[in-house]
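Numbering (our numbering), first residue to last: 46 to 295. Built from N, CA and C at the ideal position, the CB exists for glycine as well. Since we're looking at a predicted model, the values are computed, not measured.
Written as structure tokens, this is what we have:
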């Protein structure tokens, strides 16, 4: 007979060969998509109702890996049209990001980007400097459920990805996000105590890195709540930290 300690170390055993994608897994819990695309959850070896509901507005909750640059298909276009207003509504209701987590593959080819707004986690994944990013909206039954869900993801990142700062990838450069409304585009990243555009142009300096990040969170929240869309993420190799600039000169 399997004792509780043994069950807790093998949380995916409950689903055996039914897994299409592992969403999050920790020592006691597992969230997966099964082969039919349905979200399922197990805790201490027993399947039970998930404390998180995950949707991809405008498209099915499917296994969709990042791909190279290409035109959006009809389903992806519907997803883009539906998801931006949904994210704006989350920002209006729950305020700016309370916490972030980010993971990059290899030298910055693809990413998973998470922001938690109260009981809701916005999950973006795509290719560096591409436009076919996918967004999942993960709603917890309460704020603690969302906190625990993000902790599970941090404990075992998506396969092949490594954790980085949400704003900077060491030895690679600044993480720049593009915000758009109609034909207007604003590109913003944080390097140390400064905001920069793609290409390294200075936007604004702050008294400290902490103040630069706090002001960025406020900026992003105001943009999203006002109906702007965050449409892409890329690593800017022109915007290096002081430490990486010094290393590069050696």
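By the Cβ criterion, the segment 197-209 is not in contact with the segment 123-139, since fewer than three pairs of Cβ atoms, one from each stretch, lie closer than 8 angstroms. Residue 219 sits buried, since 16 or more C-beta atoms from the chains shown fall within 10 Å of its C-beta. In the three-state reduction of the DSSP assignment, residue 115 falls in the coil class, being assigned neither a helical nor a strand state.
Taking 8 angstroms as the cut-off, the Cβ atoms of residue 185 and residue 97 count as close.
In the three-state reduction of the DSSP assignment, residue 212 falls in the coil class, being assigned neither a helical nor a strand state. With contact defined as three or more Cβ pairs closer than 8 angstroms, the segment 100-107 and the segment 220-240 are not in contact. Residue 93 counts as exposed, since fewer than 16 other C-beta atoms from the protein chains shown sit within 10 angstroms of its C-beta. Between residue 82 and residue 59, the gap from beta carbon to beta carbon reaches 8 angstroms or more. Short of 6 angstroms from the beta carbon of residue 112, and not among the five residues preceding or following it, lies no beta carbon of its own chain.
The secondary-structure analysis by DSSP pairs residue 219 across a beta bridge with 213, 281.
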